[in-house]
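Structure record follows, encoded as structure tokens.
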Amino acid sequence: QACGFEYTSKLQRMFQDIGVSKTLISEYEKYCQNYHITDIVDFSVMVLSSNSWPFSGSSNFIIPIEV
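Residue numbers for the sequence shown follow the working numbering, so the first one is 15 and each next one is one higher.
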């Protein structure tokens, strides 16, 4: 049961989410380097599929204009 198709499928999507997150962060850093943007905010972003990760609830998060 713990290693069934649904479980491993969700786990695979979780690894894909982590890969996408790393790619996006890397592309953002390259963008900042290419355009000589030095006044950047230090932050980290994770892409998480709602059907794969065990979320406890939603939150209202507003990204500041500075970001």
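Note that the Cβ used here is the ideal one computed from N, Cα and C, for glycine as well.
Gly-18 sits in coil when the DSSP states are folded into three classes, being neither helix nor strand.
Ser-64 and Glu-43 have their alpha carbons spaced roughly 26 Å apart.
Here the stretch 23-31 makes contact with the stretch 48-65; the two share three or more CB pairs at distances below 8 Å.
Taking the Cα positions, Ser-35 is about 14 Å away from Trp-67.
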